[in-house]
Each structure stands twice: as structure tokens, then as C-alpha cells.
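A quick write-up on the structure given underneath.
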Amino acid sequence: MTTENTSAVSASAWTEVEYSARCMSPYISTPIYIPEETSYFLCREDGTREQHKLTFVVFRAEGADPDDWEDDPMIGRLQIAVLGDGDEEVQPVDAVYLGVAPERFVRVVNDDDQTITFDFSWNYGKVEMERGEKTDEGWTVKKDDFGDDGIAIKLIPRKGGAPFTLRLVIPYVGFAVTDKDDNRMTGEIEITHDELAGYSYSFVGDSSNDRFQLSLDDNKLNYMCVLTDDGRLSVRNMRERMELVDEIDAQGSLESLLMGAHSALIKNKSARWRIQLTGEDVDGAADIDINGVALARFAFGLFTAEENTDEDRLAQRLMQMEQRYSFQWYWLDENDWSHENLNGLIDMDGIDDDPEKMMRQALVFNRYDTFMKRLAAFSYISQKPIQGDQLQARNNKRKIARCVKHILAHRAGEENIWELDEEARKEIQHFHGTFHREFTAALEA
């Protein structure tokens, strides 16, 4: 999502919009407004940021009378404002509305070392380009004419509206990963979960480069992402005769591309991206033994480290440890975090003679007990956004059964799951996350 508030803020309330990936074009320097692909927010100086539906949004053409607001957007440059409370003045945000999505407005039909040819489809008027040459294919432009700021095109609406300009740019063709500072990354990329939100991917294709390969979690899932005619990517399973799995945007957050995986190998032409999510470093975690009691004691130490623990934030940090240390919190049971196994962590000195202290410690343990049950439950229901289909589940039936057998044997006291090697523990994680329905059904049968 891209957030915009391009109007100068002078009022005590103002409008902000968030554009989805469909509002962005690799060939246009600014987002293009699409009503159903945009989120609207009313912001105030006290820090509040309220999301509103489109029915609470009004529009005004750029340069129109200050009171000339309408319920529907108009073609061209406009301003968008969320309705305030009563007579509250709300600063609008600037936007550009074409009436069509960017991928339908412009496409590249030819691209070589010297020139690039754009074809425009715009039923609301005509498009002119001063530096371009009109051909049967579209507008051909010399790449040397673009410069750092791109090249201007003029759009003249057919029904009234004022002419306006957009700037075209020459995008990087192929796959790209960028960090929060828009630095392009390649090769080995190690990212913590906290950093992941700042990373994005994009794919700009042409006739000779229209796909990239995506292998997730050490090649356990293997997809080909192919550019479609409407500018999106079809995700196809390379192990199932290129069967369609999903459709995703050609640009967006790296987190969405990873689909819940913790590692990825991306191949586009000769370029490679090896991405590894490391999980947030939690002080002291690297020194603990990976077993139920040690993990429970470690979690208790973090839970009681601060007087007012942010339990949701702590749960997120602890969940990130699963991938880093190859385990799952639902493998623990209540015995692992019992009073006896927290010996030395709970202050028991003089507790028999101090009912008040006994009550305080009991309350702390009860809160921790509830927290651990929530953590285990969250771990149990966590799954990858894209699940393996029924055919894949059948093909992996024996492997799923083997992983389930480890869990059941551990619960029955017949096996210690913590004594499995790291690869076996990772296999359980993978099949639990990728075939969650089949995995949990077998566990609960």
C-alpha cells in the first residue's frame, strides 16, 4: 500500500489515502486513483486516523470553486476529501483519476536499447506526446529524452475537463526487491520479521522477460509467476503441470510474495535473490536448549521482565522464534510451564508467611498460564496464506502422516519431539503450515 497526502496541511483535520498496488504503474511516476482500490482516512492533530468508506468521500476538480464538491470523481486532476464532523474543515488530498486502471491505460509494445514504444487506451479523450513519434504501434520515444524526471504526456478529456499532464518513466525491466529506502537488493538478503514490512517486490515484464521462478522454504513449494495481459501475475505450480494456484499483483509487499514462507529463492533470467527471514533477535534465546521446559522458562522471563508487558507484542516476538529455532509453541503442554518447572524464576521466599505475596505471585502465574495457552493456540492455527491443494495433499499423505505421528507420540509420552534433528522439526513445521487442514484433521481424528 502507498500512502498519499500531497496537499499542504493547514487545517486541523486532513485527508490521507492509501493506494493499492493496482493504482501503481511502472511506467507512470505517480499513483492513479481507482475508487475501489483506495482506502480513505480522516486524520487529526490529536493523532487519530479514522478509516472511512467511499460514501463519506467527496471530490472537487483541480481549480474548481472551493465549495464545488461532488459525490463522484471527475476525469483529470482532482482533490479528495473525507467528510468531517459538522462544519469541520478537512484538508483534501490531490489525486489523478483516469477512469481506468493504469495497466489498461498504458502498455509497452516495443522496447530496445534506443527507443521505447507506448500504446495508450483511453476512451475519455486523447493523449499527446511532444517528444514522441506517433506510429502504427503507438508513441515511440528515444530513451535519451527521458532524463531523470521522465517525459510528459498531455491528456485532453473529451467532455469538458481541463487538460492535464502525467510523466512517463522507463522502469527497470524484470524482477526487483527494494528495501524501505527504495534501494534495489539482490543476491543474499537476510531480513528480520520486523524489517520485512519495509521491503517490496515488483516485476516489469516485456516480450522477452515475462516470468520469474519462486521457490519457497528450501524448494518445498515451487511456482512460476507469469505476467498476464492485465498486468498481474498468475502463480502456477511447476510440480503440477503449471496448474494455476493464485493471482497476485505485479508489485506489492515482499511479505505477500513470500506467502508465509521463511525462505525464498527467486530466479529471473540470470539474476538470483536468496531471501531468508531470520526472526527478531531475542536477547538470550540463542543460549537456551530447545525443549519444552527451557522454552517455557525463557518465555516466563520475558513475560515478567516488565511491569506492564505488552502481551500481543511479546507473542509476536516469541512466534518469530519458531522459524529461527525450528520448533512450534503448540508442541509444549501445561506441564512444561508448571510451577515446578519455573523453580528459581518465581520469588517464593517467605511466601507461606505472606498471604499478600502469595496472592501476587499466584496472579502473575495465572496471567502467564493464560498467555501460554493463547500462544500455543495461535501457534496451532497459524498457516501459510497459500495452502497446498487436495492433489498435493494426497501426494504428501505419507509425509503428513509421519509428521502427525511424531506429534501424537510426543503427546502420549512415547517420544520426545525435542530430540528430533532440526531437519525433521522443520519438516513438521512445513507440513503443518502448508497442509494445515489435512494436518490438523489427522491430529484431531
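Mind the numbering: the sequence shown is residues 18 to 462 in this note's numbering, read in order.
In this text, a Cβ means the ideal position worked out from N, Cα and C, and glycines have one as well.
On a predicted model such as this, the values are computed, not experimentally measured, just so you know.
Selection PRO43, SER29, LYS70 evaluated against ARG61 yields SER29 as nearest (Cα-Cα).
A distance below 7 angstroms between beta-carbons, with the five flanking residues on each side excluded, links ASP234 to the following residues of its chain, in chain order: ALA278, HIS279, SER280, HIS447. DSSP places SER273 in the helix class (H, G or I) of the three-state scheme. Between TRP346 and LEU392, the C-beta gap is smaller than 7 angstroms, which places the two residues in contact. The shortest C-alpha to C-alpha distance from GLN268 to any of GLU145, ASP199, THR387, ALA193 is the one to ALA193. Judged by DSSP secondary structure, SER396 falls within the alpha helix (DSSP H) whose first and last residues are 372–398. For ILE133, the enclosing beta strand (DSSP E) starts and ends at 132–137.
The Cβ atoms of SER217 and SER273 do not sit closer than 7 angstroms to each other. Between PRO48 and GLY101, the alpha-carbon positions lie close to 25 angstroms from each other. The Cβ neighbour count for ILE97, taken over all protein chains shown within 10 Å, is at least 16; the residue is labelled buried. Proximity of the stretch 390–407 to the stretch 344–359 meets the contact definition, three or more beta-carbon pairs being nearer than 8 angstroms. By a beta-carbon distance limit of 8 angstroms, TRP86 contacts PHE76. Their separation comes to about 7 angstroms.
Of the residues assessed, ALA78 falls on the buried side of the cut-off, its CB having 16 or more other CB atoms within 10 angstroms.
Per DSSP, ALA118 is not a residue of any beta strand (DSSP E), being assigned neither H nor E. Under the three-state reduction of DSSP output, ARG411 falls in the helix class. ARG228 and CYS242 have their C-alpha atoms some 5 angstroms from each other.
The C-beta distance from LEU238 to THR457 rounds to 19 angstroms, too long to fall under 8 angstroms, and the pair is not in contact. Burial is judged here by how many other beta carbons sit within 10 angstroms of a residue's own beta carbon; HIS356 has fewer than 16 and is exposed. If you check the CB distance, PRO52 and PRO188 do not come in under 7 angstroms. Restricting attention to alpha helix (DSSP H) runs no shorter than 4 residues, the stretch 171–224 encloses them at 210–213, ordered along the chain. Under DSSP, THR32 takes part in a beta bridge, and its partners are LEU59. Here the stretch 168–177 lies against the stretch 137–149, with 3 or more beta-carbon pairs under 8 angstroms apart. Bounds of any beta strand (DSSP E) do not take in TYR342; it lies within the alpha helix (DSSP H) bounded by 328–342. Taking one beta carbon from each stretch, the stretch 127–141 and the stretch 103–117 have 3 or more pairs nearer than 8 angstroms; the two touch. Straight across, the Cα-Cα distance linking ASN383 with LEU359 is about 13 angstroms. The bridge partners DSSP lists for MET241 are GLN230, ARG253.
Taking each of GLY215, ASP84, ARG121 in turn and checking the Cα distance to ASP104, the smallest one comes out for ASP84. With a beta-carbon spacing of about 6 angstroms, VAL126 and GLY155 fall inside the 8 angstroms limit used to define contacts.
With a cutoff of 7 angstroms on beta-carbon distance, LEU349 and GLY309 are scored as near each other. Approximately 17 angstroms separates the beta-carbon atoms of ASN226 and LYS160; this is outside 8 angstroms, ruling out the contact. By alpha-carbon distance to GLU444, the top candidate from HIS453, GLY361, LYS416, GLN407 is LYS416.
A residue is called buried once 16 or more other Cβ atoms fall within 10 Å of its Cβ, and GLU150, having fewer, is exposed. In this structure, the alpha-carbon of ASP247 lies about 16 angstroms from that of LEU261.
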